Amino acid sequence: MVRETGGETTREPEAGMSFRDRYGPWAVVLGASEGLGEAYAHELGRRGVNVLAAARRGAPLEAVTRRVAGAHGVEAKPVVLDLVAGDFLDTLRSVTDRLEVGLVVYNATDHFIGPFLDEGLDHALGQVAINVNSPLAVCDHFGRAMLERGRGGFVLMGSGAGVAGTAGLAVYSATKAFGLTLAQALHHEWRAQGVDVLGVIGPAMDTPNFRRHYDYDPQNLPEPPVPPARVAREVLDAIGHEVEMTPGERFREGFAALSSLPRAEQSRLLSSSLAATLDRPADRADS
0 MVRETGGETT
10 REPEAGMSFR
20 DRYGPWAVVL
30 GASEGLGEAY
40 AHELGRRGVN
50 VLAAARRGAP
60 LEAVTRRVAG
70 AHGVEAKPVV
80 LDLVAGDFLD
90 TLRSVTDRLE
100 VGLVVYNATD
110 HFIGPFLDEG
120 LDHALGQVAI
130 NVNSPLAVCD
140 HFGRAMLERG
150 RGGFVLMGSG
160 AGVAGTAGLA
170 VYSATKAFGL
180 TLAQALHHEW
190 RAQGVDVLGV
200 IGPAMDTPNF
210 RRHYDYDPQN
220 LPEPPVPPAR
230 VAREVLDAIG
240 HEVEMTPGER
250 FREGFAALSS
260 LPRAEQSRLL
270 SSSLAATLDR
280 PADRADS
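The opening position of the sequence shown corresponds to residue 0 in numbering that gives the first Met the number 0, with each subsequent residue numbered one higher.
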């Protein structure tokens with residue numbers, strides 16, 4: 000069944016299918032060791048989906064999977080991998096080839112805050128690896144199996160910085176634009192074959208990573224950062240119904256208003272908003 004929503008035709012999930020039926024029995028969450036990644040793991044567990052949680056840091060990842068399994072009675076497995084490494088997909092496949100993966104949440108990211116030339120080419124290329132190359136590889140690999148089964152889904156986490164070029168986040172902004180565009184394109188390629196793809200314009204979120212790497216004044220934000228659990232819930236409610244979405248009502252309204260402006264004005268406003276929000280001009284943040 001299809002429906003019109005916001006000018007876009009989207010396929011409704013089949014009547015009577017539970018979330019687990021549609022997107023289970025296993026989900027892969029990439030970037031799952033804390034914050035939003037952990038929130039996704041819990042929300043998936045709450046919906047009865049087993050979780051394979053992947054990230055670089057083994058100890059926090061194991062703690063996350065223990066909490067998810069204990070809280071929701073599902074299976075939860077950790078996979079330690081580095082998305083910059085050329086063999087990360089081999090590591091992931093060594094576990095997932097034995098599982099039926101119905102949903103992939105690409106939540107991993109890397110960014111640098113500051114002038115473009117201060118970042119250094121090696122770190123910039125690392126951003127390209129995590130924010131462009133790896134989600135592309137993940138969609139290619141898991142998309143094939145999902146299309147053969149005729150069901151499944153992908154969530155590609157983007158950012159408001161990907162809506163238009165943002166000074167101080169030049170490479171991050173460009174790479175996140177890739178992810179949002181890829182999600183839109185794959186949504187229209189795959190929806191008729193039963194595979195849902197959702198691009199997410201991530202709002203400011205109250206996560207450990209956000210607090211570690213941003214010196215921010217909450218008064219400069221449209222509203223307080225959105226709790227990760229709320230983001231995960233709204234995103235998983237939206238998949239199968241929307242092409243792209245922004246969690247958090249006020250952030251959603253803000254980006255809707257921004258989208259009505261010329262691209263140059265969008266870029267100017269995002270750049271000035273970042274400068275007003277941050278208390279320091281540059282920092283590195285890896286997650």
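The beta carbon of each residue, even a glycine, is placed where N, CA and C say it ideally should be.
Just so it is clear, the structure is predicted and the values come from calculations on it, not from any experiment.
Closest residue to residue i among the options (Cα-Cα distance)
i    : options                : result
F87  : N132, G101, Q126, N106 : N132
L120 : V78, L155, A84, A169   : A169
I112 : E33, T165, N49         : T165
A38  : H140, V234, V94        : V234
L91  : G201, G247, P134       : P134
F141 : A274, D195, A275, P202 : D195
A191 : E147, G72, T108        : E147
A54  : E33, P223, H187        : E33
E188 : R46, P223, V242, P202  : V242
Assumed close pair residue i, residue j - CB separation to whole angstroms, cut-off 8 Å
i    : j    : result
L185 : G152 : So it is not a contact: roughly 10 Å between Cβ atoms.
M288 : L197 : As shown, the chain starts at 0 and ends at 286. That puts residue 288 outside it, with no answer to give.
T180 : Q126 : Rounded, the Cβ-Cβ distance is 16 Å, inconsistent with contact.
A31  : V48  : Contact flag wrong, Cβ pair sits at about 13 Å.
V225 : G253 : With 8 Å as the limit, V225 and G253 do not qualify as a contact, their Cβ atoms being about 12 Å apart.
S158 : I200 : 7 Å
G193 : R150 : 5 Å
G57  : V50  : The pair is not a contact, with the Cβ atoms about 16 Å apart (cut-off 8 Å).
V104 : V154 : 4 Å
Between the CA atoms of residue j and residue i - distance to the nearest angstrom
i    : j    : result
G238 : V230 : Rather than Gly, the amino acid found at residue 238 in this sequence is Ile. Approximately 12 Å between the Cα atoms of the pair.
L262 : A176 : Checking the sequence, you will find Arg at residue 262 rather than Leu. C-alpha separation (whole angstroms): 13 Å.
F138 : A182 : Going by the sequence as given, residue 138 is Cys instead of Phe. So the alpha carbons of these two residues sit roughly 10 Å apart.
M16  : H122 : 44 Å
E118 : P227 : 28 Å
K76  : V100 : 13 Å
D89  : R21  : 26 Å
F18  : R232 : 12 Å
Y171 : A160 : 7 Å
S258 : R97  : 43 Å
D81  : R251 : 32 Å
A255 : V162 : 11 Å
G23  : R65  : 19 Å
H110 : R46  : 31 Å
H275 : T108 : For the sequence presented, residue 275 should be read as Ala rather than His. Distance between the alpha carbons of A275 and T108: 23 Å.
S272 : R143 : 40 Å
G85  : L116 : 26 Å
P114 : E264 : 20 Å
L124 : L268 : 26 Å
M156 : P202 : 10 Å
P223 : L260 : 24 Å
D236 : A136 : 25 Å
Residue i vs residue j beta-carbon contact at 8 Å
i    : j    : result
H41  : V67  : yes
N130 : L29  : no
A52  : V63  : yes
V94  : A128 : no
S270 : G178 : no
M204 : L60  : no
Closer than 8 Å to chain D by CB, residue i
i    : result
S271 : This model lacks chain D altogether; it includes just one protein chain.
Any non-hydrogen atom of the ligand COA closer than 7 Å to residue i Cβ
i   : result
R21 : For the structure depicted, the ligand COA is absent and the ligand set is empty, with no information on it obtainable.
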